[in-house]
Amino acid sequence: MYKKGWAALVSMVLVTGLVVTGCGGGAKTGGSSSTGKALVYAQGSDPRGLDPAFVDDGESAKIITQIYEGLVRFKPGSTEIQPLLATEWTVSPDGKEWTFKLRQGVKFHDGTPFNAHAVKFNIERQLPPNANADMPYAEFTYDGVKKVDAVDDYTVKITLDKPSAAFLANLAMPIAAPLVSPEAAKKYGDKLMENPVGTGPYKFVKWEKGQMIELAAFDEYWGEKAKTKNVVYKFTKENSVRASDLMTGSVDIMDGVDTNDVKTLEEKGMKLIKTPGMNINYMGFYTSKAPFNNLELRKAIAMAINRKNLVDFLYQGNAQLPNSVLPDFIPGYSKDAKYLDYNVEEAKKQLAKAGYPNGFSFNAITYSNPRPYNPVNGEKLAAAIQADLAKIGVTMNIKSYPWKEYKEVLKNGEGDAYFYGWIGDNGDADNFLMLLDTAQIKGSLNSSKYSNPKLDQMLEEGRTTMDPAKRAQIYAQAQQLINDDVPWVPISHSVDMAAVRPNVKGFDLHPTGVHWLDIVTKE
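And the structure:
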């Protein structure tokens, strides 16, 4: 399904002068349903924040998707792009000018009218000189944007300095691209992170840190009104506790299902939802400092990790063993990419070659919360790898942090290595590969601080090449180059799983890791 969808998306972007139009968008069960009519969604942690320009995590994106909207969006349950706050658009023959006709009669939750000036404000706040290092997606999402013009109140023209094959897909992403109220942004400043104001079907009510966020249906929403009036996001770190809450009825939906809980949930009548994960779960090295600025040492560590064993036992088969950074349904994925094989004896030889014949110790940081790409949590993954490395005489000291704190620690480069992951935002190969682009070191997406001018050149060529076949050739080379340089050890592509109570209808998972709760009902 995804291959077909993304191929169609790429083809759509390539059509010169394209105009797109459209409308908006048997077992007994345990416990009683959650209190009242509110739909209660349990996830592993608080969002990092609720200003789309300043976040890069999935926990934030899920909630942002309910509150905000962008010019375009991904269709629920598929990978097609559809109109949202833009009703149609055209692309100039040279691929550099994108003109969007905007939906009229739309208001932000604070009453501010949505128009071309609001679009211009939102994009320009993430462009120089307004953009800053705390906007992790700004450079990626709006790469190459030269200027933004409000042609009239409901027409906006975005001019690029070069063609971009993924530009439209970038505008459908659940972070950076969603549009905030200009008046709210001016009023709240950096406090917009805790006072979100968008145009979406739900408006923000309150946030009790570490506990919950409450949303309410926006009565003046321009489109079809939300089917459920109130939504509560409940934050519970432990997968098993979320599963227990689901079975007893105190929550209606949970994500981050632990593979150990699947059988019990099904026996209790809960509905399991699975979809191929557009993600990568990995161990990363800080390649710009000792000890892992040593390629031979990175290879030794990679060869000592039994990745297949992790997939088969730690994740109980609910994951796929990667041969590269890319999931196999992303256009540009190369089945011919080769990664280092698990081999303890060869790893020992490689360790000696790297200058450590008697082994060594290093420090690794990880996260304590489950993540969509790693539902067992970072501590369990790190412990399993720690045991593998001990077999070659390497001691990995582990320090763990709660997810929100972990993001800041990682940004500061603590330790020698780290555990992390990525959920694809737009189905484009560049959205994964750009994580190792030198340009992303400044914006913190390139956590490994990895820099290779040859890869940078490949990625730039891939972004500006409109021919899908040529892009695939470029990305095949890029995948092998990354494998050879070992900035990461790719552990797994997780199967996305969620569970819902039997009275919940209309919920589905999207490849980007988000969901739309306005179409969900609780009977």
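Taking mature numbering (1 follows the signal peptide of the UniProt record, and there is no 0), I'd label the letters of the sequence shown as residues -22 to -1, 1 to 501.
Every residue gets a Cβ at the ideal spot worked out from N, C-alpha and C, and that includes glycine.
Remember, predicted model here, so these are calculated numbers, not experimental data.
| Query | Result |
| --- | --- |
| Could you check if residue -22 is buried or exposed, using at least 16 other CB atoms within 10 Å of its CB as the buried criterion? | Confidence at residue -22 is low in this model, with a pLDDT of 30, below 50, so its placement is unreliable and the value that follows should be read with caution. When all chains shown are included, residue -22 counts as exposed. |
| Grouping DSSP H, G and I as helix and E and B as strand, with all else coil, what is residue 171? | helix |
| Just curious, the alpha helix (DSSP H) that residue 488 is in, first and last residue? | Taken as a continuous stretch (DSSP letters only), residue 488 belongs to no alpha helix (DSSP H), as it is neither H nor E. |
| Spell out the partners DSSP gives residue 20 in its beta bridges. | 212 and 232 |
| May I have the straight-line CA-CA distance separating residue 485 from residue 359, to the nearest angstrom? | 29 Å |
| Tell me which same chain residues have a C-beta within less than 7 Å of the C-beta of residue 437, skipping the five on either side of it? | 408, 411, 412, 415 and 456 |
| Taking only three categories from DSSP, how would you classify residue 373? | strand |
| With distances taken between CB atoms, is the gap from residue 496 to residue 150 smaller than 8 Å? | no |
| In whole angstroms, what is the alpha-carbon distance linking residue 61 and residue 342? | 44 Å |
| May I ask which residues mark the beginning and end of the alpha helix (DSSP H) holding residue 381? | 381 to 389 |
| Taking residue 164 as the reference, give the member of 280, 99 and 222 with the closest Cα. | 99 |
| Measure the Cβ-Cβ separation of residue 28 and residue 174 and say whether it is below 8 Å. | yes |
| Taking the straight line between their C-alpha atoms, what separation do you get for residue 357 and residue 52? | 33 Å |
| Quick check: the Cα distance between residue 463 and residue 432, rounded to an integer number of angstroms? | 12 Å |
| What are the partner residues of residue 270, as DSSP defines its beta bridges? | According to DSSP, residue 270 bridges with nothing at all. |
| Between residue 172 and residue 185, what straight-line distance do the alpha-carbon atoms span, to the nearest angstrom? | 8 Å |
| Drop a sphere of 10 angstroms on the beta-carbon of residue 246, count the other beta-carbons inside from all chains shown, and report buried for 16 or more, exposed for fewer. | buried |
| Determine the extent of the alpha helix (DSSP H) in which residue 160 is found, giving its start and end residues. | 160 to 166 |
| Cβ-heavy atom distance between residue 323 and the ligand FAD below 7 Å? | With respect to small molecules bound, the structure shown includes none, and the ligand FAD cannot be examined in it. |
| With a floor of 3 residues, list each beta strand (DSSP E) that falls wholly inside the segment 41 to 102, ordered by position along the chain. | 50 to 52, 59 to 61, 64 to 69 and 75 to 80 |
| For residue 10, count neighbouring C-beta atoms within 10 Å of its own C-beta (all shown protein chains included) and say buried if the count is 16 or more, exposed if not. | With a pLDDT of only 40 at residue 10, under 50, the local geometry of the prediction cannot be trusted, and the value read off the model is given with reservation. Residue 10 comes out exposed. |
| Ordered along the chain, which non-local residues of its own chain (more than five positions away) have a Cβ less than 6 Å from that of residue 233? | 21 and 476 |
| What runs of the beta strand (DSSP E), each 3 residues or longer, lie entirely inside the segment 424 to 493? | 466 to 472 and 474 to 478 |
| With three or more beta-carbon pairs closer than 8 Å as the criterion, would you say the segment 132 to 139 touches the segment 77 to 95? | yes |
| Excluding sequence positions up to five away, which residues of its chain have a Cβ less than 7 Å from the Cβ of residue 161? | 88 and 90 |
| Would a C-beta distance cut-off of 8 Å place residue 315 and residue 189 closer than the cut-off? | no |
| Drop a sphere of 10 angstroms on the beta-carbon of residue 291, count the other beta-carbons inside from all chains shown, and report buried for 16 or more, exposed for fewer. | exposed |
| Looking at the secondary structure, which residues open and close the alpha helix (DSSP H) in which residue 217 lies? | 217 to 226 |
| Return helix, strand or coil for residue 137, following the three-state DSSP convention. | strand |
| What residues in its chain sit with their C-beta under 6 Å from that of residue 300, if we drop five residues either side in the sequence? | 468 and 471 |
| Rank 364, 118 and 111 by C-alpha distance to the C-alpha of residue 404 and give the top, closest one. | 118 |
| So the beta strand (DSSP E) residue 130 belongs to, where does it begin and stop? | 123 to 130 |
| State whether the segment 389 to 397 contacts the segment 32 to 45, with contact taken as three or more CB pairs (one from each stretch) at a distance under 8 Å. | no |
| Which class does residue 506 belong to by DSSP, given the choice of helix, strand or coil? | In this structure the chain extends from -22 to 501, so residue 506 is not present and cannot be described. |
| Quick one: grab the DSSP three-state call for residue 501. | coil |
| Is the CB-CB distance between residue 298 and residue 180 below 8 Å? | no |
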